[in-house]
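What follows is a single structure, written as structure tokens, with notes after it.
2 protein chains.
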Amino acid sequence: MADPKSGPNPLFLREEELRQGIELMFYAYRDFTAEPDEILSEIGFGRAHHRAVYFIGRYPGITVSELLEILQITKQSLSRVLGQLVQLGYVTQRPGARDRRQRLLELAEKGRVLEQRLTDTQRQRFARAYRRAGAEAVAGFRTVLMGIMEEKDLKRVQRPPEDSGRK
Amino acid sequence: MADPKSGPNPLFLREEELRQGIELMFYAYRDFTAEPDEILSEIGFGRAHHRAVYFIGRYPGITVSELLEILQITKQSLSRVLGQLVQLGYVTQRPGARDRRQRLLELAEKGRVLEQRLTDTQRQRFARAYRRAGAEAVAGFRTVLMGIMEEKDLKRVQRPPEDSGRK
DNA sequence: CAGAATAAGTCAACAAGACTGCCGTAATCC
DNA sequence: GGATTACGGCAGTCTTGTTGACTTATTCTG
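Here is the structure:
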């Protein structure tokens with residue numbers, strides 16, 4: 005207002021900039037989940053099944069409580085989904101060697117096929133976006149998203165999962 | 005495998021890279037919605053109320069069908085949420101001047117207060133992440149997310165909303 | 001101007017996926 | 001041997017999404 009020629013108000017820009025970020029998250033997440041959701045609904049599953057199958061595939065031998073920590077839902081919510089996945093032969097359970105109370109989760113062949121099918125749509129979406137945006141933009145994307153998520157889980161995305169040593 | 009000294013397998017890296025992106029989306033969205041969700045639950049509202057209030061605040065005078073296009077949900081789902089928001093005095097409706105079938109939506113004072121309170125948590129999260137990441141990273145973040153979302157909605161995030169001319 | 005199309009809303013029924021609270025069992029830790 | 005932990009089950013509730021069918025008011029169109 006003091007000087008209309010000096011360019012847009014930096015406070016307004018900042019507000020605009022932040023709202024744009026919020027909206028980008030909304031639209032991107034909305035579209036990023038739409039394709040898998042459709043496949044899932046064909047077989048009577050929902051998004052929760054995808055999440056479980058995804059992370060079990062990502063961390064073979066993961067325990068129920070580790071999965072709960074990642075998903076940030078209650079045991080009861082997970083157990084319903086997990087029960088179906090085990091029942092229908094997508095996921096196998098076996099007792100932990102060191103701690104036999106644990107039920108280590110792994111994908112069965114059927115589960116691997118489903119996980120691939122679901123995640124492929126998302127992988128393709130990312131591959132296309134990454135290709136168009138270029139390596140530098142991708143680095144920025146990662147930096148910002150890591151700043152948005154809670155720090156406690158950074159360890160999970162910063163290094164690829166190793167074999168957990170459980171057997 | 006052919007030459008272990010030649011550095012990591014580019015195909016593996018690519019797979020790892022894409023999975024990391026998928027997981028970043030999951031974690032960031034999970035944490036980005038957690039704070040508003042908690043506030044909402046105090047007043048008996050859910051995430052759907054936040055979304056409606058957010059976009060009505062963003063596009064004052066928006067029509068129901070425009071809101072439906074943004075949210076990508078059914079009329080019935082929206083109308084339940086909208087009904088409560090109008091009933092409780094968060095949102096006002098008025099007939100469109102050009103087309104009197106339309107009910108143009110706007111935030112009442114109560115709605116503006118709530119929207120501010122909810123979105124503030126997300127704005128702060130973004131402000132912190134943007135500040136830490138720097139302008140270049142932010143540009144990359146935007147480029148990638150715009151590549152992930154469907155193109156049809158790009159217009160909505162590329163320019164700030166103008167006054168729609170309805171009155 | 002009559003009929004089709006559109007904007008919005010309504011009722012009913014249903015399902016997924018979250019939640020709380022409580023209880024049980026087996027294994028481990030101290 | 002008693003507390004804790006890992007996991008599972010049951011019951012009930014809520015939000016938010018869905019489909020399908022129908023109504024009303026208004027606008028558009030041939």
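Just so you know, the sequences run in chain order A and B. Here the numbering used here = 1-based position in the first sequence + 4. Here the numbering used here = 1-based position in the second sequence + 4. For glycine and all other residues, C-beta sits at the position ideal for the given N, C-alpha and C. Note that the coordinates shown come from a computational prediction; the quantities given were computed from them, not determined experimentally.
Report the start-end ranges of each alpha helix (DSSP H) in the stretch 21-103 of chain B that is 4 residues or longer and not cut off at the edges.
When DSSP assignments are scanned along the stretch 21-103 of chain B, the uninterrupted stretches of alpha helix (DSSP H) that are 4 or more residues long and fall wholly within it turn out to be 51-62, 68-75, 79-91.
Taking C-beta pairs closer than 7 Å, name the residues in chain A that T125/B reaches, listed in chain order.
Result: empty, since nearest Cβ-Cβ is about 10 Å, beyond 7 Å.
D41/A versus chain B: which residues are under 9 Å apart at the beta carbon?
Chain-ordered listing is empty here: chain B has no CB closer than 9 Å to the CB of D41/A, the nearest sitting near 11 Å.
Is the CB-CB distance between M153/B and L28/A below 9 Å?
In terms of Cβ geometry, M153/B and L28/A form a close pair [threshold 9 Å].
Please confirm if the stretch 107-114 of chain A is in contact with the stretch 49-69 of chain A, defined as three or more CB-CB distances below 8 Å between the two stretches.
Yes, since at least three Cβ pairs between the stretch 107-114 of chain A and the stretch 49-69 of chain A fall closer than 8 Å, the two stretches touch.
Listed by chain order, chain A residues near P164/B by CB distance under 7 Å
Against chain A, the beta carbon of P164/B has neighbours under 7 Å at E20, listed in chain order.
Excluding the 5 residues flanking T125/A on each side, which residues of the same chain have their C-beta closer than 8 Å to its C-beta?
The answer, listed in chain order, is E39, P40, I43.
I think Y31/A touches T123/A, with their Cβ atoms under 8 Å apart; what is that distance to the nearest whole Å?
The beta carbons of Y31/A and T123/A sit about 20 Å from each other, so the pair does not count as a contact at 8 Å.
Is there contact here, the stretch 46-63 of chain A with the stretch 135-149 of chain A, by at least three beta-carbon pairs under 8 Å?
Segments in contact, no.
A141/B and F145/A: beta carbons closer than 9 Å?
Yes, the Cβ-Cβ distance between A141/B and F145/A is below 9 Å.
Against chain A, with Cβ distances strictly below 9 Å, would L111/B count as a contact?
Cβ-Cβ to chain A under 9 Å: no for L111/B.
In chain B, what lies closer than 8 Å to V148/A by C-beta?
Within chain B, the residues near V148/A are A133, Y134, A137, A141, V142, G144, F145.
Using a 10 Å radius around the Cβ and a threshold of 16 neighbouring Cβ atoms, would you call V117/B buried or exposed?
So V117/B ends up on the exposed side.
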